[in-house]
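The structure appears below as C-alpha cells.
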Amino acid sequence: MKIWIVHAFTDRVFTGNPAAVVPLERWLPDAVLQSIATENKLSETAFMVPTGLGGNYQLRWFTPTTEVPLCGHATLAAGAVLLTELEPNLEIVVFDTHAGALIVRRTPEGFTLDLPRKQRAPWTPDDSVSEALGGADIYDAFIAEYANVVLESEAQLRAMKPDIAAINRVIRGPRQGMLVVSAPADEGKPYDFVQRFFCPSVGVDEDPVTGSAFADAAPYWCDRLDLESVVGFQASKRGGYMRAIQTLSSVRLLGQVSVYLRGELDDSIGRLHNRVESHPEAPQRKKRRPRKAKQLPAIFEDPMLPGLEEEAAVPAEPTPPPPPTSHPTPPETNAPPAPRIVITGK
C-alpha cells in the first residue's frame, strides 16, 4: 500500500495542514483503518477506493481517535495525489463521502475544492464560551456546520489562550467540542479575515488549517465585507491560507498543496483484517451500504493564489495574492456526466 503525506493549503512544506493519503483497492476493516490513522499521528488520514467509474472514488477520513464526517484539507490532499500522480490524465475527481459528493479540480495554479454551504443560524453563547476562550470579548456568533464565534480584532484572536477542555465541555450539539473563531484582518494585511479552529472532541486540540471551517466562516465575511470572494488566513503555528468564493449552495476553496512524503506501508497491513476480526476484543464490523456513484458536474475555471505571508510562524513569507479575476458562473444544465478529460499539454 502506498502512502503520501501532503501539506494542504500552502505552497511549501512545514506549513499548511498535513494529511496522509492512502489509496486502497478495496475497503479494509474499520479497525485497521483506525490503527493506520492512529499510527500516522496526523490530524487526518484519508482513505480512498475507486468506484469503477473514471474519476470517481469513495473517500473516508480518520483522526488518530475516530472517523469524522468531513475534512476539507485531507480531501484537497487526496484530490491532488489523484490528479497529479495516480490519474494525471484527469482534471477533476468526484469523491463520494458521508458529506455528499465533493469535487476537486486541478488548475494550472493549484486546486479547487467545493464544499457544501451551510445556512447560518443565530446563536447567543453564554459566558462559559467567553471564559473557554480566555475571557475574549465576543462580537458576534452563529451556528453553521460548526459553532462560530467572531471577535473584534485579529490581535485579540492571536493573543487568545483557550481552555481546550472547557471548549470540549461547553460546545454542545452534533459538533460537540468544535469551535471556529474568526476576526477581521488588521489593516494592510493581504487577507480579509483570520481564524482559528478547535476540535478536541475528535482528538485535535487546534487544527492547523481547516477547509470545512473556512467554508463556515467565509460566507459570513463575504456578507459582512460585501465581497464576492474573500481570502482567509488560519493563525495556527503552521499557518495556511485560501481564497473562498460563495455560491447559493456551495463554497469553493482555492488553495495549493506541497507533497512532503511518498512511501509505502508494509503489505502485511493489508492482510491484518483476518487477525483483527478474529481477535476477541475486536469491534463488531459494520456493514456498509454501497453508494450510488455521483454524476460528474460541469468544470469551472477559477484563478488560484500564490502564498500569503505569515508572521514569524513559518520558515519564509509566501507572496501576497493578486486581486481575484472575475469569472461568471456558468448556467446549470441537465447535461449528462462529463466525459473523461485528457490533458493535451501543460
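654 is the number of the first residue of the sequence shown in the working numbering; add one for each residue after it.
All residues carry an ideal CB built from backbone N, CA and C; glycine is no exception.
Here the structure is a predicted model, which means the values were calculated and not measured.
Cross-strand partners of residue i (DSSP beta bridge)
i, result
"residue 895", "885"
"residue 701", "676 and 712"
"residue 848", "835 and 887"
"residue 817", "Partner(s): none; residue 817 has no beta bridge."
"residue 793", "803"
"residue 911", "660"
"residue 916", "656"
"residue 872", "Partner(s): none; residue 872 has no beta bridge."
"residue 775", "795"
"residue 906", "766 and 897"
"residue 671", "660"
Limits of the unbroken alpha helix (DSSP H) element including residue i
i, result
"residue 809", "807-812"
"residue 689", "683-693"
"residue 781", "780-785"
Test: residue i CB closer than 8 angstroms to a CB of chain B
i, result
"residue 855", "In the displayed structure, chain B is absent; only one protein chain is listed."
Inter-residue spacing [alpha-carbon to alpha-carbon] between residue i and residue j
i, j, result
"residue 956", "residue 726", "Any reading at residue 956 must be qualified, since the residue scores a pLDDT of 34, below 50, and its modelled position is unreliable; the value itself is stated next. In a straight line, the C-alpha of residue 956 is about 19 angstroms away from that of residue 726."
"residue 686", "residue 905", "29 angstroms"
"residue 867", "residue 825", "20 angstroms"
"residue 837", "residue 865", "19 angstroms"
"residue 680", "residue 878", "45 angstroms"
"residue 870", "residue 921", "43 angstroms"
"residue 830", "residue 794", "16 angstroms"
"residue 800", "residue 664", "29 angstroms"
"residue 884", "residue 862", "13 angstroms"
"residue 899", "residue 888", "22 angstroms"
"residue 712", "residue 874", "30 angstroms"
"residue 657", "residue 728", "13 angstroms"
"residue 706", "residue 672", "25 angstroms"
"residue 890", "residue 684", "31 angstroms"
"residue 709", "residue 655", "19 angstroms"
"residue 798", "residue 714", "17 angstroms"
"residue 944", "residue 840", "Annotation note: pLDDT 48 at residue 944 (below 50); position unreliable, coordinate value reported separately. Computed Cα separation, rounded: 48 angstroms."
"residue 787", "residue 813", "6 angstroms"
"residue 858", "residue 815", "10 angstroms"
"residue 678", "residue 697", "20 angstroms"
Where residue i falls: helix, strand or coil (DSSP)
i, result
"residue 862", "coil"
"residue 765", "strand"
"residue 855", "helix"
"residue 770", "coil"
"residue 720", "strand"
"residue 757", "strand"
"residue 798", "coil"
"residue 840", "coil"
"residue 740", "coil"
"residue 901", "coil"
"residue 880", "coil"
Continuous beta strand (DSSP E) stretch holding residue i: start and end
i, result
"residue 750", "745-750"
"residue 734", "Note, residue 734: premise wrong, no beta strand (DSSP E); alpha helix (DSSP H) at 725-734."
| said: Taking 8 angstroms as the cut-off, does the segment 761-770 touch the segment 904-924 (at least 3 CB pairs, one atom from each stretch)? | reply: yes
Practice item. Check whether the segment 743-758 touches the segment 874-894, taking contact to mean three or more Cβ pairs, one atom from each stretch, closer than 8 angstroms. Key: no
Quick test of the definition: if touching needs 3 or more C-beta pairs under 8 angstroms, does the segment 689-703 touch the segment 714-725? yes
- [ ] For the segment 847-861 and the segment 746-754, state whether three or more C-beta atom pairs, one from each stretch, are separated by less than 8 angstroms.
- [x] no
* Asked: Does the segment 735-746 touch the segment 782-789, meaning 3 or more C-beta pairs lie closer than 8 angstroms?
  -> No contact exists between the segment 782-789 and the segment 735-746.
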